[in-house]
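Residue numbers (the numbering used here): 15 to 161. Notes follow the structure.
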Amino acid sequence: MTLDAARKWLILANLVVIGAQLVFLFLAPALGYPLQSPKNLELLQIITPVFVGYLGAAAHFVFKHPTPALRAKNQYLGLLIKGPFIVYGLAAVAIFVNFGLSNRADAQIGEGMSIEALTGSMTLCLAVLTGVTGVLNAYLFASPQQT
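See below:
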């Protein structure tokens with residue numbers, strides 16, 4: 015993966031994640047998902063800033079000239095760019111499915127995943143994503159003075 019392709023992939027992945035999470039969590043209460051307002055908004059406040067921060071760095075980078083020269087081991091770049099998003103996506107879907115099923119209308123009261131467990135689990139997912147993506151983002155969208 016080239017550095018430009020990695021930048022494009024990071025931008026697109028962040029936009030997709032933000033969009034999917036916003037739509038799902040805004041609609042969740044109306045669709046009968048067992049996450050009522052304002053808890054859905056509180057969860058968005060936890061998870062959305064990470065992705066918006068990555069996009070902010072990318073937006074700043076677009077207007078910088080010249081593009082900083084970077085050297086990277088391209089054979090690992092694609093895996094490090096895509097891997098954390100894939101892990102985050104799979105884990106987030108599993109967490110939301112678990113929360114939804116364990117708190118459905120016919121589930122046993124008191125046996126479902128708590129909102130605290132949901133937010134804690136999503137925070138762990140963000141940690142996995144941020145640990146790698148934050149470093150990559152810092153290099154890929156750095157200003158010429160920072161590299």
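In this text, a Cβ means the ideal position worked out from N, Cα and C, and glycines have one as well.
Got a sec? Which residues, its chain only, sit under 7 Å from residue i by beta carbon, not counting five neighbours each side?
{"i": "Leu-17", "result": "Leu-84, Ala-86 and Leu-154"}
{"i": "Ile-129", "result": "Lys-53"}
{"i": "Arg-118", "result": "Pro-48"}
{"i": "Leu-91", "result": "Met-15 and Ala-20"}
My understanding is that residue i touches residue j, with C-beta atoms under 8 Å, so please give their C-beta distance in whole angstroms.
{"i": "Leu-24", "j": "Asn-151", "result": "7 Å"}
{"i": "Ala-20", "j": "Ile-95", "result": "5 Å"}
{"i": "Met-127", "j": "Leu-57", "result": "At roughly 13 Å, the Cβ-Cβ gap does not stay under 8 Å, so Met-127 and Leu-57 are not in contact."}
Which residues in the same chain as residue i place their Cβ atom closer than 8 Å to its Cβ, once the five residues preceding and following it in sequence are excluded?
{"i": "Leu-69", "result": "Ile-25, Asn-28, Leu-29 and Ile-32"}
{"i": "Thr-161", "result": "Only weak support is given to the placement of Thr-161: the predicted model assigns it a pLDDT of 48, under 50, and the question is left unresolved by the model."}
{"i": "Leu-55", "result": "Leu-39"}
{"i": "Glu-125", "result": "Ser-116"}
Please report the distance separating the alpha-carbon of residue i from that of residue j.
{"i": "Gln-50", "j": "Phe-77", "result": "41 Å"}
{"i": "Gly-134", "j": "Gln-89", "result": "34 Å"}
{"i": "Gly-97", "j": "Leu-143", "result": "9 Å"}
{"i": "Gly-114", "j": "Gly-145", "result": "28 Å"}
{"i": "Tyr-47", "j": "Gly-103", "result": "19 Å"}
{"i": "Phe-65", "j": "Ala-108", "result": "20 Å"}
{"i": "Cys-139", "j": "Ala-131", "result": "12 Å"}
{"i": "Thr-147", "j": "His-74", "result": "17 Å"}
{"i": "Gln-122", "j": "Pro-63", "result": "34 Å"}
{"i": "Ala-141", "j": "Phe-110", "result": "17 Å"}
{"i": "Val-149", "j": "Leu-45", "result": "37 Å"}
{"i": "Ala-72", "j": "Asp-120", "result": "45 Å"}
To which residues of the same chain is residue i closer than 6 Å at the C-beta, ignoring the five residues directly before and after it?
{"i": "Ala-34", "result": "none"}
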